[in-house]
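Respectively, the protein sequence lines represent chains A and B. Under the numbering used here, the first sequence has 37 at position 37, and the numbering climbs by one with no breaks. Throughout, the numbering used here is defined as the position within the second sequence, counted from one, plus 216. Glycine residues also receive a C-beta, built at the ideal position from the N, C-alpha and C atoms.
2 protein chains.
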Amino acid sequence: MSKEKPPESAALRLSLYLRHLRTMQGDGKISSAELARMVGTSGARVRKDLSYFGQFGTRGRGYVVGDLRGQIIDILGLNQEWKIALVGVGKLGTALLRYPGFRRNGFHITVAFDVNPELVEREVAGIEIRHPYQMPKTIRALGIHMGMITVPAESAQESADLLVLSGIRAILNFSPARLVVPAPVRLKNVDFTSQLEIIPYHIAETVALTGSMLPR
Amino acid sequence: MSKEKPPESAALRLSLYLRHLRTMQGDGKISSAELARMVGTSGARVRKDLSYFGQFGTRGRGYVVGDLRGQIIDILGLNQEWKIALVGVGKLGTALLRYPGFRRNGFHITVAFDVNPELVEREVAGIEIRHPYQMPKTIRALGIHMGMITVPAESAQESADLLVLSGIRAILNFSPARLVVPAPVRLKNVDFTSQLEIIPYHIAETVALTGSMLPR
DNA sequence: GAGTGTGAATGTATTCACAGCA
DNA sequence: TGCTGTGAATACATTCACACTC
Chain A
1 MSKEKPPESA ALRLSLYLRH LRTMQGDGKI SSAELARMVG TSGARVRKDL SYFGQFGTRG
61 RGYVVGDLRG QIIDILGLNQ EWKIALVGVG KLGTALLRYP GFRRNGFHIT VAFDVNPELV
121 EREVAGIEIR HPYQMPKTIR ALGIHMGMIT VPAESAQESA DLLVLSGIRA ILNFSPARLV
181 VPAPVRLKNV DFTSQLEIIP YHIAETVALT GSMLPR
Chain B
217 MSKEKPPESA ALRLSLYLRH LRTMQGDGKI SSAELARMVG TSGARVRKDL SYFGQFGTRG
277 RGYVVGDLRG QIIDILGLNQ EWKIALVGVG KLGTALLRYP GFRRNGFHIT VAFDVNPELV
337 EREVAGIEIR HPYQMPKTIR ALGIHMGMIT VPAESAQESA DLLVLSGIRA ILNFSPARLV
397 VPAPVRLKNV DFTSQLEIIP YHIAETVALT GSMLPR
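Given below as structure tokens:
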């Protein structure tokens, strides 16, 4: 394993490698060049990415698919079960409650919270919705690890505070708000909307072409 | 305007600045430092990002909110109307058809396609669904600029080919498949799932801590 | 004085190219 | 011989610091 620390972007590429490894026979072999071709990168990039975390291949032979797959799953932390509380059962919240991909990766949304009385005590995708005043009690009782914030920006900080108060140490923020949390709490912002907003820019690619190009 | 070309990441930050500028009075003034504080970065970064595209401020005074907002909208290409055809009315496709944020940014999903006979000729969010065999005719008739692919990986390439055949020059690929399109066609891949998959990695942050940390 | 605009300095990520092992 | 693993070279992005303008 190299002494270099992985670049910020390495995890994203590992997850891409993993996606392709999952479509293959576990006892097969694969070279960095083959894997690279599948995800659209270079063999050197694949080897470098893997080398940050260990030595998983055999020189002259390549990698054993099943082994490599297992290693990447470990590196990404996908071998663990995460119990999650979702806060905010609006459009995005509902979509995430229904998204089957979470469960596959060990993300287990156990309970949801919303202030809307029409939602409280109802279920979405088999997950019970409670009022936020029950949060501290519920989160402790269920042994939940992580909170997902899918409320509007205005109430995002309030939701974060409540999660922290409930003993949560990891927060995923899907709202556009910039949150402040005490140091030991891990915070990750996930921003889908910005990604969608910059699409025309990337489609036009060069600034000079913007406006003159596609929409005629 | 500086001679340097903008880094790949500049557009994403511009969209963040824009989001905050939109919440403010257009005739107000704002300094790079203030804007920076709102999005959680430095004044220098804000100024540098803007300088790639022009000179929008006044020394000693700052930026006029409305002017800057307009400039960023132009840079990101959000001042144009884009007519879009969506291919694949599954979970993600439906969510995108219903997502109100597109319309706000000039993204106008005009028609959708799906092979499922139960969907053909029905509507989702007021948008008519047609069978793909009608694609070339429909796309030309409606004067559509861009295609959005939200089908499963297996049929993504097929959908892309059909879009290209229909005269489309810009494709947004939401499927995990790596697509091949002829040179003049602009292709952008949008990958939500990978972003979700690497969450545990980022939450644990350092490799050493993975597995030992949060889920106790 | 206040705050922009931007080269120059630093830091980070990617690519190259080859030594080393099966 | 074939393909990994990795330091060294290059390219890219961010931060610094200050000249310049209102």
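No Cβ of chain B is located within less than 8 Å of the beta carbon of His108 (chain A). A distance below 7 Å between beta-carbons, with the five flanking residues on each side excluded, links Leu412 (chain B) to no residue of its chain. When rounded, the separation of the alpha-carbon atoms in Leu14 (chain A) and Arg69 (chain A) is 10 Å.
Put simply, the backbone Cα of Ile288 (chain B) is about 42 Å away from that of Glu128 (chain A).
Around the C-beta of Asn173 (chain A), 16 or more other C-beta atoms lie within 10 Å, and the residue is accordingly described as buried. Residue state for Leu119 (chain A) is assigned as coil, using DSSP reduced to three classes. At a Cβ-Cβ threshold of 8 Å, Gly40 (chain A) and Val65 (chain A) do not count as neighbours. Under DSSP, no beta-bridge partner is assigned to Ile291 (chain B).
Three or more beta-carbon pairs drawn from the segment 298-315 of chain B and the segment 357-367 of chain B are found closer than 8 Å, and the two stretches are therefore classed as touching.
Ala177 (chain A) sits in coil when the DSSP states are folded into three classes, being neither helix nor strand.
Ranking A:Leu119, A:Arg140, A:Ile203 by CA distance to the CA of Lys83 (chain A) puts A:Arg140 first. Going by DSSP, Thr354 (chain B) is part of the alpha helix (DSSP H) stretching over 351-358.
Beta bridge pairing from DSSP links Phe107 (chain A) with A:Trp82. Listed along chain A is no residue with a C-beta nearer than 9 Å to that of Glu220 (chain B); the closest approach is about 12 Å.
Proximity of the segment 75-89 of chain A to the segment 101-117 of chain A meets the contact definition, three or more beta-carbon pairs being nearer than 8 Å.
For the options B:Thr409, B:Leu378, B:Phe408, B:Asn321, the alpha carbon positioned closest to that of Val397 (chain B) is the one of B:Leu378.
Burial is judged here by how many other beta carbons sit within 10 angstroms of a residue's own beta carbon; Gly273 (chain B) has at least 16 and is buried. Beta-bridge partners assigned by DSSP to Gly147 (chain A): A:Ala85, A:Ile171. With a cutoff of 8 Å on beta-carbon distance, Ala420 (chain B) and Ser391 (chain B) are scored as not near each other. When CB distances to chain B are screened at a threshold of 8 Å, the residues of the segment 122-155 of chain A falling below it are His145, Met146, in chain order. Taking 8 Å as the threshold, the shortest C-beta distance from Phe192 (chain A) to chain B falls below it. Residue pairing from DSSP places Ala112 (chain A) in a beta bridge opposite A:Leu86, A:Ile129. When the five nearest sequence neighbours on each side are left out, the beta carbons in the same chain lying within less than 7 Å of the beta carbon of Asp67 (chain A) are those of Phe56, in order along the chain.
Interface with chain A (8 Å Cβ-Cβ cutoff): Pro416 (chain B) is included.
Taking 8 Å as the upper bound for CB-CB distance, Ser248 (chain B) and Arg263 (chain B) are in contact here, some 5 Å apart. Here Arg186 (chain A) carries a strand assignment [DSSP, helix/strand/coil]. Listed along chain A, no residue sits closer than 7 Å to Ala393 (chain B) by beta-carbon distance, the nearest being about 10 Å off. The Cβ-Cβ distance between Tyr417 (chain B) and Gly77 (chain A) falls below 8 Å.
By the neighbour-count criterion, in which 16 or more other beta carbons inside 10 Å mark a residue as buried, Ser258 (chain B) falls on the exposed side. Interface criterion met: the Cβ of Ser231 (chain B) is under 8 Å from a Cβ in chain A.
Contacts between Leu228 (chain B) and chain A, judged by CB atoms closer than 7 Å, involve Ser194, Ile198 in chain order. A Cβ-Cβ separation of about 6 Å places His145 (chain A) in contact with Ala170 (chain A) under the 8 Å criterion.
In the DSSP annotation of this structure, the continuous segment of the alpha helix (DSSP H) that includes Met254 (chain B) starts and ends at 248-255. Residue state for Tyr315 (chain B) is assigned as coil, using DSSP reduced to three classes. Sorting A:Glu123, A:His131, A:Arg104 by C-alpha distance to the C-alpha of Asn116 (chain A) places A:His131 at the top. Residue state for Thr409 (chain B) is assigned as helix, using DSSP reduced to three classes.
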